[in-house]
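Taken in sequence, the protein lines are chains A and X. Per this note's numbering, the first sequence runs over residues 83 to 353. Per this note's numbering, the second sequence runs over residues 44 to 217. By construction, the Cβ of each residue, glycine as well, lies at the ideal position given by its N, Cα and C atoms. Quantities reported herein were computed from a predicted structural model and do not represent experimental measurements.
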Amino acid sequence: MSSELERRLEGLFHELPQPEPEVGEIALAASLAALAPSARPRRALRAGVLALAAAAVVLAIAAGSLAAAGALHVSLGSKPMPARAGLTLPKGASGVAVVANGRLSVVTRSGFRLQGLPVTAAALSPHALFVAAGIGRSLVAMAPNGRRAWSVPAAGPVVAIAWAPYGNRIAYVVNAGHRFVLHVIWGNGTNDAVIDRAVRAVRPAWRGDSLALAYVGAGGRVVVYDLSHATHRTVPGLGAMRCPHAAIGWATGTPVLRCIRPSSVERQVRR
Amino acid sequence: MREPSDRDLVRRARRGDRDAAAELFRRYWRDAWRAAFAITGRRALADDVAADGFERAFAALGRFDDRRPFGPWLHRIVANRALDILRTERRLAGDEPPDLPDLSPEHGAGDRSLLTAVADLPLERRVAVVLRYGVGMTPKQIAETLDVPVGTVNSRLARALEQLRESLEVEHVE
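And the structure:
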């Protein structure tokens with residue numbers, strides 16, 4: 083027989099809050115993406131998109147000074163790309179990830195194919211074996227079969243992600259409400275650490291040896307974080323760039339900050 | 044027209060029927076989220092745990108024995124995922140205070156105290172209480188979910204209720 087306390091408990095649980103509708107929408111899309119990938123019908127590839135992908139590679143190569151070792155981060159023009167357009171692999175690439183209008187599409191050489199997943203940011207791992215994405219208020223790493231390898235909760239939406247060239251670390255920026263916070267986490271989803279509690283929402287850039295990370299501090303200056311010594315160093319001459327759409331990368335061992343055109347499409351090609 | 048059973052939906056979803064999978068999601072999303080919220084005590088974690096639970100469940104549909112009910116299997120995944128995340132988080136950062144919900148006006152201060160007392164229960168006891176009184180599982184189902192003997196579940200529930208009564212009495216005296 084139920085006691086008074088047990089009846090009160092049952093009543094209280096019915097009063098628990100409901101999930102936010104957009105959380106359900108995101109979770110549904112992610113769950114459907116995880117549904118038996120082999121059983122899902124494959125969409126036909128579109129020749130026009132192939133041309134677009136090829137154009138992206140040309141643009142990416144042109145943006146050489148902003149290329150981190152092995153990875154090209156390219157922002158295309160201001161015209162939004164259809165969120166669910168088919169994707170093809172540029173010749174010689176391991177994978178392509180596109181975030182268009184908040185939807186992620188990924189194709190990799192290993193057969194990972196994902197389209198239309200709502201994300202806040204995304205980045206391919208070296209060799210495109212995994213994709214890290216901001217989903218809701220979490221950083222999620224998805225394995226080649228589309229299943230989550232791991233996820234960690236964040237204080238808010240993840241707005242920028244950069245996977246280290248060696249694959250052993252991921253840097254990511256979280257919108258914590260009144261500020262942006264830079265984290266670094268191991269590639270296996272453990273040892274999450276806050277690196278800087280006030281940064282700009284710009285994708286950090288890893289040095290080629292994966293031992294240093296450049297990011298834009300809250301004041302607009304480029305800061306290099308050295309993982310070996312856990313030290314921060316402001317880079318002379320790279321401060322206070324008044325640019326709402328900045329990008330950062332490494333060229334000949336020195337971080338470079340550039341202003342790029344506004345874009346609603348972000349594309350990453352892994353070679 | 045008769046609504047399809049969970050078993051029908053599971054079988055169709057296994058064959059790649061996204062509409063069937065979406066219907067399964069709609070049937071269980073709210074309860075799974077609330078269970079995750081009741082265990083973790085935090086909205087952000089509940090969002091992640093419930094979503095992750097569904098993804099894992101859908102990815103594993105091929106291995107699910109469809110002679111068994113879908114709901115308890117899903118809740119098992121969600122509860123275990125919540126426990127994993129809370130244990131990991133506690134190891135890394137210690138306990139964080141829960142987001143206690145705003146109760147509707149007809150609930151008194153006593154109910155708020157009860158919610159606080161539930162949030163303060165040790166993790167294993169809190170999970171048992173949530174699965175018993177929130178999700179409505181029997182002790183046997185909870186035992187299967189947590190992979191512990193039924194006696195352990197009964198013991199956790201009894202101790203949890205005892206602790207809750209003590210907490211409420213202390214508050215009443217103060």
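Span of the alpha helix (DSSP H), counted from its first residue to its last, around residue i
i	result
L94(A)	86-95
F101(X)	86-102
D51(X)	49-57
Residues that residue i contacts on chain X, provided the C-beta gap is smaller than 9 Å
i	result
G184(A)	Result: empty, since nearest Cβ-Cβ is about 16 Å, beyond 9 Å.
L211(A)	What L211(A) touches in chain X: nothing, since even the nearest Cβ is about 18 Å away.
G218(A)	A87, D90, D91, A94
L196(A)	Simply none; closest approach about 12 Å.
A204(A)	Here the premise fails: no neighbours, minimum Cβ distance about 16 Å.
L91(A)	L157, V161, V172, R175, Y176, G177, L204, L207
Helix, strand or coil at residue i [DSSP, three-state]
i	result
V121(X)	helix
A197(A)	Residue identity differs from the one stated: residue 197(A) is Gln in this sequence, not Ala. DSSP places Q197(A) in strand when its eight states are reduced to three.
S220(A)	strand
A149(A)	At A149(A) the pLDDT is 38, less than 50, meaning the model places this residue with poor confidence; the figure from the coordinates comes in the next sentence. Three-state DSSP puts A149(A) in coil, outside helix and strand.
L110(A)	helix
Y297(A)	strand
F113(X)	helix
L207(X)	helix
D163(X)	coil
H209(A)	helix
T36(A)	Because residue 36(A) is not part of the residues shown, which for chain A are 83 to 353, the question remains open.
Y248(A)	coil
I143(A)	Residue placement at I143(A) is flagged as unreliable, the pLDDT there being 36, under the threshold of 50; a coordinate-derived value is accordingly withheld.
R279(A)	strand
P337(A)	strand
A225(A)	coil
N273(A)	coil
L154(A)	Here the model assigns L154(A) a pLDDT of 37, short of 50, so the residue's position is not dependable and the matter cannot be decided.
L127(A)	Summary for L127(A): the model assigns pLDDT 38, below 50, so the residue's position carries little reliability; its value from the coordinates is reported in the next sentence. Three-state DSSP puts L127(A) in coil, outside helix and strand.
A201(X)	helix
A258(A)	coil
V172(X)	helix
V241(A)	strand
G331(A)	strand
L98(A)	coil
R45(X)	coil
Boundaries (first-last residue) of the beta strand (DSSP E) holding residue i
i	result
A79(X)	Segment 61-83 is the alpha helix (DSSP H) holding A79(X); no beta strand (DSSP E) there.
T188(X)	Note, T188(X): premise wrong, no beta strand (DSSP E); alpha helix (DSSP H) at 182-189.
D308(A)	304-308
L264(A)	262-268
L186(A)	185-190
P235(A)	230-235
A182(A)	177-182
Closer than 7 Å at the beta carbon, the chain A residues around residue i
i	result
W298(X)	Any question about residue 298(X) goes unanswered here, given that chain X covers just 44 to 217.
L129(X)	None at all; the shortest Cβ gap to chain A is about 10 Å.
F68(X)	L110, S113
A102(X)	A116, R229
Under 8 Å by beta carbon: chain X residues contacting residue i
i	result
I108(A)	A94
S187(A)	Going along chain X, no residue has its Cβ under 8 Å from S187(A), so there is no contact; the nearest lies around 17 Å.
R279(A)	Under the 8 Å cutoff, chain X gives no residues; its nearest Cβ is about 15 Å from R279(A).
V201(A)	Within 8 Å Cβ-Cβ: nothing; V201(A) doesn't reach chain X, min ~12 Å.
Residues that residue i contacts on chain X, provided the C-beta gap is smaller than 7 Å
i	result
R289(A)	Those within 7 Å of R289(A) in chain X number zero; the least Cβ separation is about 26 Å.
R282(A)	Simply none; closest approach about 23 Å.
L94(A)	D154, L157, L158
L309(A)	Per Cβ cutoff of 7 Å: no residues; L309(A) is ~18 Å from chain X at best.
L98(A)	R77, F80, A81, P144
Chain-ordered neighbours of residue i on chain A, where CB pairs are closer than 8 Å
i	result
R208(X)	L87
F113(X)	Chain A residues near F113(X): none, gap ~13 Å exceeds 8 Å.
W72(X)	P101, G106, A109, L110
Residue i: contacting residues in chain A (beta-carbon distance under 9 Å)
i	result
F97(X)	A109, L110, A112, S113, A116
_Residues of the stretch 170-182 of chain X with Cβ closer than 9 Å to any Cβ of chain A, in chain order_ = Under the 9 Å Cβ criterion, the stretch 170-182 of chain X contributes V172, V173, R175, Y176, G177, V178, G179.
*asked:* If contact is defined by three or more beta carbon pairs under 8 Å, each pair taking one atom from either stretch, is the stretch 216-225 of chain A in contact with the stretch 301-312 of chain A?
replied: Not touching, per the Cβ criterion.
_If the cut-off is 9 Å on Cβ atoms, which residues from the stretch 152-166 of chain X count as contacting chain A, listed in chain order?_
Of all residues in the stretch 152-166 of chain X, G153, D154, L157, L158, V161 have a Cβ within less than 9 Å of some Cβ in chain A.
*asked:* To be precise: take each residue of the stretch 236-268 of chain A, compare its Cβ to all Cβ atoms of chain X, and keep it if any distance is under 7 Å. Which residues remain?
replied: Listed in sequence order: no entries.
*Evaluate the contact criterion for the stretch 177-191 of chain A versus the stretch 52-70 of chain X: three or more CB pairs, one atom per stretch, below 8 Å.*
Flag = no, the stretch 177-191 of chain A and the stretch 52-70 of chain X do not touch.
*Determine contact between the stretch 160-174 of chain X and the stretch 200-213 of chain X, defined as no fewer than three beta-carbon pairs at a distance below 8 Å.*
Yes, the stretch 160-174 of chain X is in contact with the stretch 200-213 of chain X.
*Please confirm if the stretch 240-259 of chain A is in contact with the stretch 113-132 of chain X, defined as three or more CB-CB distances below 8 Å between the two stretches.*
Between the stretch 240-259 of chain A and the stretch 113-132 of chain X, the count of Cβ pairs shorter than 8 Å is below three; the stretches do not touch.
*asked:* For the structure I just gave you, are there three or more beta carbon pairs, one from the stretch 95-104 of chain A and one from the stretch 74-84 of chain X, closer than 8 Å?
replied: Note that the stretch 95-104 of chain A touches the stretch 74-84 of chain X; at least 3 beta-carbon pairs, one per stretch, sit closer than 8 Å.
*Cβ-based contacts, 7 Å cut-off: residues of the stretch 49-67 of chain X near chain A*: From the stretch 49-67 of chain X, only A56, R57, R58, G59, R61, A64, A65 have a Cβ closer than 7 Å to chain A.
_Is it the case that the stretch 85-97 of chain X contacts the stretch 231-246 of chain A, given that we only count it when at least three CB pairs across the two stretches are under 8 Å?_
Judged by Cβ distances under 8 Å, the stretch 231-246 of chain A makes contact with the stretch 85-97 of chain X, as three or more pairs qualify.
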